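Note that UniProt numbering has the sequence shown beginning at 1, numbered continuously upward.
Just so it is clear, CB atoms sit at the ideal spot from N, CA and C, and this is done for glycine as well.
Remember, it's a predicted structure, so these values are computed and weren't measured experimentally.
Presented below is the structure to which this report refers.
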Amino acid sequence: MDGKYRVKKKTVAAYRKKKGGKKITKCVQGNFTTSPATDKNIPNTDESKKMLTSTCSTSVDISCDEEPNNHHTIASQQIQTHLNNLSQWFTNWKIKINESKSSFITFTLRPHSCPAVSINNIDIPHSTEVKYLGLILDRRLTWSPHLKNKRKKLNSRLHLLRPLLRSNLTIPIKIILYKTLLKPIWTYGIVIWGSAKNSNKKTIQAFQNIFQRVITGAPWFVSNESLNNDLKLTSINETASIFYKRFHSKLRDNPNQLINELASLTLPGNPARRLKRNWCRDLIT
Numbered sequence: 001m002d003g004k005y006r007v008k009k010k011t012v013a014a015y016r017k018k019k020g021g022k023k024i025t026k027c028v029q030g031n032f033t034t035s036p037a038t039d040k041n042i043p044n045t046d047e048s049k050k051m052l053t054s055t056c057s058t059s060v061d062i063s064c065d066e067e068p069n070n071h072h073t074i075a076s077q078q079i080q081t082h083l084n085n086l087s088q089w090f091t092n093w094k095i096k097i098n099e100s101k102s103s104f105i106t107f108t109l110r111p112h113s114c115p116a117v118s119i120n121n122i123d124i125p126h127s128t129e130v131k132y133l134g135l136i137l138d139r140r141l142t143w144s145p146h147l148k149n150k151r152k153k154l155n156s157r158l159h160l161l162r163p164l165l166r167s168n169l170t171i172p173i174k175i176i177l178y179k180t181l182l183k184p185i186w187t188y189g190i191v192i193w194g195s196a197k198n199s200n201k202k203t204i205q206a207f208q209n210i211f212q213r214v215i216t217g218a219p220w221f222v223s224n225e226s227l228n229n230d231l232k233l234t235s236i237n238e239t240a241s242i243f244y245k246r247f248h249s250k251l252r253d254n255p256n257q258l259i260n261e262l263a264s265l266t267l268p269g270n271p272a273r274r275l276k277r278n279w280c281r282d283l284i285t
């Protein structure tokens, strides 16, 4: 359409009548046609940094001079401030928020949770798990609920594919079915949950072992390691390492500064590790 929008004459006439005969202005940038109204009142970079703040950054901003027992209260107060600003912005842009479908979760290893927060004077329900972009985040970030959910989906998909996997198809064809129909289910988000403990990842590894025995009909005395070597299927840990290295190699070339900083092998300030947890960066070594 050469960067132009077709608008009915009646629509233009109604708009001009409402605005008192004002002309509709527009600016052409490249192949796109945009109106100045499209970016009016949209939070700029500084405001969005103040408003769209995660619980992680909020926790970092808490002063170390405060009493430890008050940290969760201070965090909720700061989050509530951001929610009030967002609520005002949603009102200005006529965006309706469903408060009952919102979730409030405290990521911590402690048993206590942050005080409740509200949006539009309605309390957001507190939960121990929340699903975001297909990933189930639990309050301790163990990834156990997410991996259990993936295992259920894999079992359902395997049940549908059993007639094909037990047919006379060759093993290479069956492996292709696995890589195209089953493997993408559990590899989604593996660059994030790949650093989970083996006790949580073993449910996915056990599923892959079951698949290998289904397509080969291997007896009980054949080890899973032998099947892995014969079928050349990488383990869950090896797959996580491959995916993260591929992801990490693209970070430094990203023009976004925040994404570019993720390429660092340490956290800002290089703090000491207090917990025996694996980091995603550990998958590189």
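When rounded, the separation of the alpha-carbon atoms in T285 and K148 is 27 Å.
For K131, DSSP records a beta bridge to I136. Minimum Cα-Cα distance from T216 among the listed residues P172, T180 and S241 corresponds to P172. S118 is bridged by DSSP to D123. When secondary structure is reduced to three states using DSSP, F104 falls in the strand class. Taking a cut-off of 8 Å for Cβ pairs, the segment 160-176 and the segment 245-255 do not touch, as fewer than three such pairs fall below it.
Cβ-Cβ separation between L233 and Q212: approximately 7 Å, consistent with a contact (criterion under 8 Å). By the Cβ-count criterion, G194 is buried, with 16 or more other Cβ atoms from all chains shown falling within 10 Å of its own Cβ.
The criterion of a C-beta distance shorter than 9 Å is satisfied by I97 and N120. By the beta-carbon neighbour count (other beta carbons within 10 angstroms, threshold 16), W279 is exposed.
Only residues of its own chain outside the window of five on either side were considered, and among them N200 have a CB closer than 6 Å to the CB of S144, listed in chain order. A residue is called buried once 16 or more other Cβ atoms fall within 10 Å of its Cβ, and F221, having fewer, is exposed. Our two residues, I242 and I176, have alpha carbons roughly 19 Å apart in a direct line. In this structure, the straight-line span from the alpha carbon of E99 to that of E261 is close to 34 Å.
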